[in-house]
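**Student:** Quick one: structure below, then a few questions.
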Amino acid sequence: MLGMIRTAYAYRGFIFSSVRNDIVMRFARSRLGALWTFIHPLSQVLIYTVILANVLSARMPGVSGQYDYALYLLAGFVPWALFSEVLQRSVGVFIEFGPLMQKVVLPKICLPIIVALTALWNSLVMTGLTLIAYVLVGRHPSLLDLLWLVALLGITAVFATGLGLIFGILNVFFRDVGQVVPIVLQFLFWLTPIVYAVSIIPEEYRHWFEYNPLATLVEAYHAVLLFDTPPDIGGLAIVAMIGVVSLALSLVLLRRANQDMVDVL
Amino acid sequence: MRALEIQGLGKAYRSYRSPWRRIGSWFDLCEADRETWVLQDVSFSAIPGETIGILGHNGAGKSTLLKLITGTLRPTTGSAIANGRISAILELGMGFNPEMTGRENARHGLNLAGIPIETIETLLPEIHEFSEIGTFFDQPLRTYSSGMQVRVAFAVATAVRPEILIVDEALSVGDAYFQHKSFKRIREFQAAGTTLLFVSHDTNAIQAICDRALLFERGRLLRDDRPDVVVDHYNHLIAQRTESDQIEELIGEEGRVQTVSGSRKVAIEAVEVLDSEGRNAEVVGTGARTTLRVEAKVREPVEALVLGVSIRDRLGQTIYGTNTWYTDQTLSELRAGQNIVFDVDFPCDLGPGTYSVAIALTSSETHLVENYEWRNLAAVFEVVNLDKPIFIGSAWLDTTIKIAISDSRSERADTAEEGPSLQ
Chain A
1 MLGMIRTAYA YRGFIFSSVR NDIVMRFARS RLGALWTFIH PLSQVLIYTV ILANVLSARM
61 PGVSGQYDYA LYLLAGFVPW ALFSEVLQRS VGVFIEFGPL MQKVVLPKIC LPIIVALTAL
121 WNSLVMTGLT LIAYVLVGRH PSLLDLLWLV ALLGITAVFA TGLGLIFGIL NVFFRDVGQV
181 VPIVLQFLFW LTPIVYAVSI IPEEYRHWFE YNPLATLVEA YHAVLLFDTP PDIGGLAIVA
241 MIGVVSLALS LVLLRRANQD MVDVL
Chain B
1 MRALEIQGLG KAYRSYRSPW RRIGSWFDLC EADRETWVLQ DVSFSAIPGE TIGILGHNGA
61 GKSTLLKLIT GTLRPTTGSA IANGRISAIL ELGMGFNPEM TGRENARHGL NLAGIPIETI
121 ETLLPEIHEF SEIGTFFDQP LRTYSSGMQV RVAFAVATAV RPEILIVDEA LSVGDAYFQH
181 KSFKRIREFQ AAGTTLLFVS HDTNAIQAIC DRALLFERGR LLRDDRPDVV VDHYNHLIAQ
241 RTESDQIEEL IGEEGRVQTV SGSRKVAIEA VEVLDSEGRN AEVVGTGART TLRVEAKVRE
301 PVEALVLGVS IRDRLGQTIY GTNTWYTDQT LSELRAGQNI VFDVDFPCDL GPGTYSVAIA
361 LTSSETHLVE NYEWRNLAAV FEVVNLDKPI FIGSAWLDTT IKIAISDSRS ERADTAEEGP
421 SLQ
């Protein structure tokens, strides 16, 4: 494990340069640049707001005000975007870098780090723009809220990276994994209270959300950004633990599979 | 100290009945169901500054060997230990990004090569200068011509002198000027102690630049010897078509190794170099009339017989070669027991040095159709310059040099005056 950290440190130049390339590349030659990071989820928020809030006239219980549903959606999209970006890119990252790894000595540990850092950057941009939107409608987050956001960002990233790395390694050997993950993500999106509130679910089913770590994370974002209440610390601790355990497991897997991976790629 | 030490190196690809068994193998729960060996039992070492050519058919294990040396593949058995940094000019510009500028790509490439961060910025001006692409260096790569991309990629790959440099045939890209420039850089590295591994199918290039050559065949190191000897062996491998073919090596006088192959339906009995008076000659004067006499015996009836001759310099590069197919003298319907004498007459317009003769008896113009006998180093002779003005090079071109000197006053008139005095 220490060896991996040392390797990653030795390759920090490559990691940062790759992250930079990824960020610049995504919006290269587009006029709005990084704003697109925000426009994509914003357009989704708009769609959900129009359809769910107005057409289906689903009102958010517990919050009132004309922008509240949009704010609720934005808060939920921040962790969701981070989680799904890390997961989707991790699944294919070894295959994506396969040709390069066959030609150049490239420690595999660098790849998930690049994915995680790129996604974290995008998430920071999105969090920042979300906060601006909150300020614009007259909600001012406190310093404590910001600290909570940083913690939540970290927990989400660790959780997503651990999970994504496991899928990414398996995907080298079973390419079906790469096909399954987007489908699972779609289900997960609707099984997580992002576009709806837990309170609209019948009482007897609500406890199922406790088994969805992502629901815990999204609810924590809601609590910090929207409801001004401290998040469910016990739940978050469990998610953080799952994240650390899956990250450790994925690193063990990476060590064991290391040799086989280039052979198969 | 050795630059490269390779001991019992082998690589097997393991396959499993199911991917689950593969995952089991990571935790020592399952054994591989099948092993495919692509490289086996390779041992050799290289000293600093040595240039080693690597020859072999496609699929002989050359690229696997290189991947094991660079470390992208892990060996199944044995070890490949390199003392120092390895740089490979295999796929120039791997990992380059078309939207990034040359400078950014260079920085990225250096990072990827594991160059310490502190030195990267100091290397960039050198890369800019070496690639000679001017202001394009700060333009996105997509605006480059392919030649410009190669320049940057080569400059990046050789920005820091590696202890071991692997050069593939990829080097033959770019314009002639840059090829010379890049080759000069490689020579400088070599002089400074870089070990060069040169992979090529170009046997002439291997003989020209390598100190030693390795021949690979079916995943094994078949030969590790002087380049000319290995190239001969390689050519014989290509020629080896029919079952009856045998490769045999005769150690001649002075330790010369003759490689002989073929079906021996027609066999070479004697090869001699004769001077203008028909005497056996080991030393021939530049420009002298010379005869190469080849005596052959037909052992089994053959439909057609072509004699091929090539004269090679001391590095094994062919200086001149021809055969009786090109000269329209193919023999046909030969009976067993016939003796044939070929007298190949030529003016020995060669520069001073040692030359060897390779002889081939075949059924058509290449030795690939049916090879009766092919013999390298069938004869060796030395050329000395006895009566010509001193010159260099391997060819004697009967040269006349005209010289005109004039005053700068009227240039036109001078050309007319030049003729009579000098011719």
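These protein sequence lines are chains A and B, in that order. Counting from 1, one number per residue, gives the positions in the first sequence under UniProt numbering. Counting from 1, one number per residue, gives the positions in the second sequence under UniProt numbering. Backbone N, C-alpha and C define an ideal beta-carbon position, used for all residues, glycine too.
According to the Cβ coordinates, are B/Trp-37 and B/Ala-12 closer than 8 Å?
**Tutor:** Yes, the Cβ-Cβ distance between B/Trp-37 and B/Ala-12 is below 8 Å.
**Student:** Please name the residues in the segment 6-21 of chain A whose beta-carbon is closer than 9 Å to at least one beta-carbon of chain B, in chain order.
**Tutor:** Listed in sequence order: Ala-10, Tyr-11, Arg-12, Gly-13, Phe-14, Ile-15, Phe-16, Ser-17, Ser-18, Arg-20, Asn-21.
**Student:** Consult DSSP for B/Gly-53 and reduce its assignment to one of helix, strand or coil.
**Tutor:** DSSP places B/Gly-53 in strand when its eight states are reduced to three.
**Student:** Comparing alpha-carbon positions, which option in B/Arg-21, B/Leu-66, B/Asp-345, B/Asp-225 lies nearest B/Glu-277?
**Tutor:** Checking every option, the nearest Cα to that of B/Glu-277 belongs to B/Asp-345.
**Student:** Under a three-way DSSP split, which group does B/Asn-280 fall into?
**Tutor:** It is a strand residue.
**Student:** Decide if B/Arg-241 is buried, meaning its Cβ has at least 16 other Cβ atoms within 10 Å, or exposed.
**Tutor:** Its pLDDT being 47, under 50, B/Arg-241 is placed unreliably in this model, and the coordinates cannot settle the point.
**Student:** Kindly indicate which three-state DSSP category B/Tyr-144 falls into: helix, strand or coil?
**Tutor:** Here B/Tyr-144 sits in coil by DSSP.
**Student:** Should B/Pro-420 be labelled buried (16 or more other beta-carbon atoms within 10 Å of its own) or exposed?
**Tutor:** Low per-residue confidence applies at B/Pro-420: pLDDT is 44, beneath 50, and the placement is therefore not dependable, though the value from the model is reported in the following sentence. It is exposed - the Cβ of B/Pro-420 has fewer than 16 other Cβ atoms within 10 Å.
**Student:** In this structure, does DSSP put B/Glu-132 in helix, strand or coil?
**Tutor:** Correct three-state label for B/Glu-132: coil.
**Student:** So B/Tyr-13 contacts chain A; which residues on that side make the cut at Cβ distance below 8 Å?
**Tutor:** Within 8 Å Cβ-Cβ: Asp-263.
**Student:** From A/Glu-96 to B/Ser-261, what distance separates their C-alpha atoms?
**Tutor:** Straight-line Cα distance between these residues: approximately 48 Å.
**Student:** Taking its Cβ as the centre, do 16 or more other Cβ atoms sit within 10 Å of B/Trp-374, making it buried, or is it exposed?
**Tutor:** Under this definition B/Trp-374 is a buried residue.
**Student:** Counting only the same chain and skipping the five closest in sequence on each side, list residues whose C-beta sits under 8 Å from that of B/Asp-138.
**Tutor:** Taken in chain order, the residues that qualify are Thr-101, Gly-102, Arg-103.
**Student:** Taking the beta carbon of B/Asp-33 as the centre, do at least 16 other beta carbons fall within 10 Å, making it buried, or is it exposed?
**Tutor:** B/Asp-33 comes out exposed.
**Student:** Would DSSP call B/Ser-63 helix, strand or coil?
**Tutor:** Residue state, collapsed to three classes: helix.
**Student:** Sorted by chain position, which residues of the same chain lie with C-beta nearer than 8 Å to A/Ile-194's C-beta, five sequence neighbours on each side aside?
**Tutor:** Counting only Cβ-Cβ distances below 8 Å, and skipping sequence neighbours, we find Leu-73, Gly-76, Phe-77, Trp-80, Val-218.
**Student:** Can you say whether A/Pro-213 is buried or exposed, counting buried as having 16 or more other CB atoms within 10 angstroms of its CB?
**Tutor:** With 16 or more Cβ atoms within 10 Å of its Cβ, A/Pro-213 is classed as buried.
**Student:** Would A/Met-1 pass as an interface residue toward chain B - the criterion being a Cβ-Cβ separation below 8 Å?
**Tutor:** Output row for A/Met-1: interface = no.
**Student:** Do the CB positions of A/Ile-109 and A/Met-4 come within less than 8 Å of each other?
**Tutor:** For A/Ile-109 and A/Met-4, yes; Cβs fall inside 8 Å.
**Student:** Which residues does DSSP list as the beta-bridge partners of B/Ser-45?
**Tutor:** B/Glu-5, per the DSSP bridge assignment.
**Student:** Compute the distance between the beta-carbons of B/Asn-235 and B/Lys-297, then report whether it is under 8 Å.
**Tutor:** Against a cut-off of 8 Å, the Cβ pair of B/Lys-297 and B/Asn-235 comes out as no contact.
**Student:** B/Asn-204: buried (16+ other C-beta within 10 angstroms of its C-beta) or exposed?
**Tutor:** Per the 10 Å Cβ criterion, exposed.
**Student:** Residues in the same chain with beta-carbon distance under 8 Å from B/Ala-157, minus the five sequence neighbours each way, listed in chain order, please.
**Tutor:** Correct list, in chain order: Ser-87, Ala-88, Ile-89, Leu-92, Gly-109, Ala-113.
**Student:** Can we say the segment 195-209 of chain A touches the segment 165-181 of chain A, given the rule of at least three CB pairs closer than 8 Å?
**Tutor:** Not touching, per the Cβ criterion.
**Student:** Hey, how far is the Cα of A/Leu-165 from the Cα of B/Ile-186?
**Tutor:** One C-alpha to the other measures close to 41 Å.
**Student:** Taking only beta-carbon atoms, is B/Arg-74 less than 8 Å away from chain A?
**Tutor:** Yes, B/Arg-74 counts as interfacial toward chain A.
**Student:** DSSP has B/Glu-217 in a bridge; who is on the other side?
**Tutor:** In DSSP, B/Glu-217 forms a bridge with B/Arg-220.
**Student:** Is the beta carbon of A/Thr-118 less than 8 Å from the beta carbon of A/Leu-149?
**Tutor:** No, these two residues do not count as a Cβ contact at 8 Å.
**Student:** Within the 8 Å Cβ cut-off, does B/Asn-58 reach chain A?
**Tutor:** For B/Asn-58, the answer is no, since every Cβ of chain A falls outside 8 Å of its Cβ.
**Student:** With DSSP run on the structure shown, which of helix, strand or coil describes B/Lys-297?
**Tutor:** DSSP places B/Lys-297 in strand when its eight states are reduced to three.
**Student:** For the segment 189-213 of chain B, enumerate the residues whose C-beta is nearer than 9 Å to any C-beta of chain A, in chain order.
**Tutor:** Within the segment 189-213 of chain B, no residue qualifies.
**Student:** Short of 7 Å in beta carbon distance, which residues of its chain neighbour B/Ala-80, apart from the five on each side in sequence? Order them along the chain.
**Tutor:** Ile-6, Leu-9, Leu-68, Ile-69.
**Student:** Going by beta-carbon coordinates alone, are A/Ser-250 and A/Ile-200 separated by less than 8 Å?
**Tutor:** Against a cut-off of 8 Å, the Cβ pair of A/Ile-200 and A/Ser-250 comes out as no contact.
**Student:** Could you tell me whether the Cβ atoms of A/Ile-242 and A/Phe-159 are closer together than 8 Å?
**Tutor:** Closer than 8 Å, so yes.
**Student:** Quick one: grab the DSSP three-state call for B/Pro-75.
**Tutor:** Looking at B/Pro-75 - three-state DSSP - the assignment turns out to be coil, as it is neither helix nor strand.
**Student:** Residues in the segment 91-105 of chain A with C-beta within 7 Å of chain B's C-beta atoms, listed in sequence order?
**Tutor:** Listed by position along the chain: Leu-100, Met-101, Gln-102, Lys-103, Val-104, Val-105.
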